[in-house]
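J.: Our numbering applies: residue 9 is where the sequence shown begins, and numbers increase by one.
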Amino acid sequence: QATRYLNTASANREVLAWALEGEITRDLRKDLQVRTTVRGERGREAVLDLLATTLRVDPRLEWRRGIKGSLTLDFSWQQCWSDAERIPYELLNGARVGQTIRAGAEARTRIGRATSFSLSWHMDRLPERQAVHSGRAQIQSFF
């Protein structure tokens, strides 16, 4: 899928850009699926004549046990380049120049007929700071 678009952020700023995106999904088994999305984008801010390029790869692995639960692993790698150190927010759709890595894992399981348990972990590493890790454990019951 290729897209060429004009994104006008304000009255005095125009971003002319194109994007190319592809996705591959493969069922490894009946209960195991892998999906990878690749996206490339190039934009030029018309007034200041700034150029920016983004490449993003998002693989995801999902294992489902029917109604018993699931396990999902995802990863995101993004690299942004620009001919200027400081660029307008709209030029990279809010991304930052440099390498951004995000990863996550989520496990869900049913404990009983109306109770489920989930455990998740996420990591964000932006170009200007070290990785930030967060996690969550949740028990949910319906009665």
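Glycine included, each C-beta is placed from N, C-alpha and C at the ideal position.
Could you check if Glu53 is buried or exposed, using at least 16 other CB atoms within 10 Å of its CB as the buried criterion?
T.: Its Cβ being crowded by 16 or more others within 10 Å, Glu53 is buried.
J.: For Ser84 and Ile119, I'd like the C-alpha separation in whole angstroms.
T.: So the alpha carbons of these two residues sit roughly 31 angstroms apart.
J.: Do the CB positions of Arg72 and Arg47 come within less than 7 angstroms of each other?
T.: No. Outside cutoff.
J.: So for Gly143, helix, strand or coil by DSSP?
T.: In this structure, Gly143 counts as strand in the three-state DSSP scheme.
J.: Per the DSSP calculation, Val42 is bridged to which residue(s)?
T.: Bridge partners of Val42: Arg34 and Leu69.
J.: In this structure, how does DSSP classify Ile109 when only helix, strand and coil are distinguished?
T.: DSSP places Ile109 in strand when its eight states are reduced to three.
J.: Less than 7 angstroms separating the beta-carbons of Trp129 and Gly106?
T.: Taking 7 angstroms as the Cβ cut-off, Trp129 and Gly106 do not qualify as a contacting pair.
J.: Please list, in chain order, all residues of the same chain as Lys76 whose beta carbon is under 8 angstroms from its beta carbon, the five residues on each side excluded.
T.: Correct list, in chain order: Thr117 and Arg118.
J.: Taking the alpha carbon of Ala27 as the point to measure from, which residue in Leu56, Thr62, Asp39 and Thr44 has its own alpha carbon closest?
T.: Measuring from the Cα of Ala27, the nearest candidate turns out to be Thr62.
J.: Starting from Gly77, follow the beta strand (DSSP E) in both directions and report where the run begins and ends.
T.: Per DSSP, Gly77 belongs to the beta strand (DSSP E) from Gly77 to Ser90.
J.: Tell me where the beta strand (DSSP E) around Asp132 begins and ends.
T.: Counting along the chain, the beta strand (DSSP E) containing Asp132 begins and ends at Thr123 to Arg133.
J.: Please confirm whether Arg68 and Asp82 have their CB atoms less than 7 angstroms apart.
T.: Yes, the pair counts as a contact, with Cβ atoms nearer than the cut-off.
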